[in-house]
Amino acid sequence: MSTSACPIINKNRLSQPCGRKIVNRSILIHSCCAHCAAYTVDYWRKQDYEVTTLWYNPNIHPYTEHQHRLEAMKSLAQEMNLPLVVAEGYDIIAYFRQVVGQEAERCQYCFRLRLSRAAETARQRGFNAFTTTLLISPHQKHDLLREIGYKLAEEIGVDFLYTDLRKRYSDSRRMTKGLALYRQQYCGCVYSEWERYTNLTKSSRGADTPSVNIP
Ligand code: SF4
39 MSTSACPIIN KNRLSQPCGR KIVNRSILIH SCCAHCAAYT VDYWRKQDYE VTTLWYNPNI
99 HPYTEHQHRL EAMKSLAQEM NLPLVVAEGY DIIAYFRQVV GQEAERCQYC FRLRLSRAAE
159 TARQRGFNAF TTTLLISPHQ KHDLLREIGY KLAEEIGVDF LYTDLRKRYS DSRRMTKGLA
219 LYRQQYCGCV YSEWERYTNL TKSSRGADTP SVNIP
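In terms of my numbering, the sequence shown has 156 at position 118, counting the first letter as 1, and numbering is strictly consecutive.
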């Protein structure tokens, strides 16, 4: 494998590859939002992966919020010269069929829904591996993400690449600061929006509802 020397940060654009970079490893990164994607993409590029991102987030409600976050992701992709696959449709019904009645454990169904699409897309399109930007967020259930990622890798037959990027969460947000991208105020689902704006504490909420969760 040969690579050309290339500064990762260009003063005008984020992480724009310069010159031709020849790589033989490819990764599909499921992206939950532009702000978690920025550093994650740079990280995997620095590991010499050819990076493509996947947008599949039917957990983001309502639809207009989903579209705001998708537009931000598209702007980042343009800024980073980053291929972005946008999954067709908005599987909100599939999301609710998974979580209704299991709200306390909803995040595991939500992770599995999104990561299984990433794994299937990676296998169908011939990527060497898949991962997710959710691994950069200190607000997500990190161990659960890792467990589900490895399980799906076995089931679907494509490698899951795990790395703990939580210490880089602020760096990722610093990278997108000057880009005037839409910034979300809650994790995604209506449950998390409700928690965010009522500012409930675990003790006042009771056992059935999980804590506030912003990606
Ligand atoms: S809180 Fe976030 S991760 Fe959990 S179910 Fe809602 S959108 Fe998914």
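Glycine included, every Cβ here is placed at the ideal spot set by N, Cα and C.
Confirm, please, whether the CB-CB distance from residue j to residue i is below 7 Å.
i: P176; j: Y200; result: no
i: L66; j: F168; result: yes
i: Q222; j: R107; result: yes
i: R155; j: Y94; result: yes
i: S69; j: T91; result: yes
i: C33; j: N62; result: Outside the displayed span of the chain (39 to 253) sits residue 33, for which this structure offers no information.
i: N166; j: S230; result: no
i: T78; j: T159; result: no
Residues in its own chain within less than 8 Å of residue i by CB, not counting five upstream and five downstream?
i: I46; result: In this prediction, I46 has a pLDDT of 34, which is less than 50 and means its spatial position is unreliable; nothing more can be read from the coordinates.
i: L114; result: L52, A72, A75, A76, L120, T214, L217, L219
i: D202; result: L173, H180
i: Q146; result: K179, L182, I186
Would you say the beta carbon of residue i comes nearer than 6 Å to a heavy atom of the ligand SF4?
i: C70; result: no
i: N97; result: yes
i: C225; result: yes
i: S230; result: yes
i: C148; result: yes
i: C74; result: no
i: R204; result: no
i: R144; result: yes
Residues in its own chain within less than 6 Å of residue i by CB, not counting five upstream and five downstream?
i: R204; result: P176
i: R144; result: V137
Below 7 Å CB to CB, which residues in the same chain sit around residue i once its five sequence neighbours on both sides are set aside?
i: G195; result: R161
i: Y128; result: P96, Y101, H104
i: L122; result: T91, W93, M111, K112, A115
i: N50; result: Its pLDDT being 37, under 50, N50 is placed unreliably by the model, and the measurement read from it follows with that caveat. Hits under 7 Å: none found.
i: A132; result: P96, L151
Quiz item: Residue ranges of each beta strand (DSSP E) run of no fewer than 3 residues wholly in the segment 120-181, ordered along the chain?
Solution: Listed in chain order, the complete beta strand (DSSP E) runs (minimum 3 residues) inside the segment 120-181 are 122-124, 167-170.
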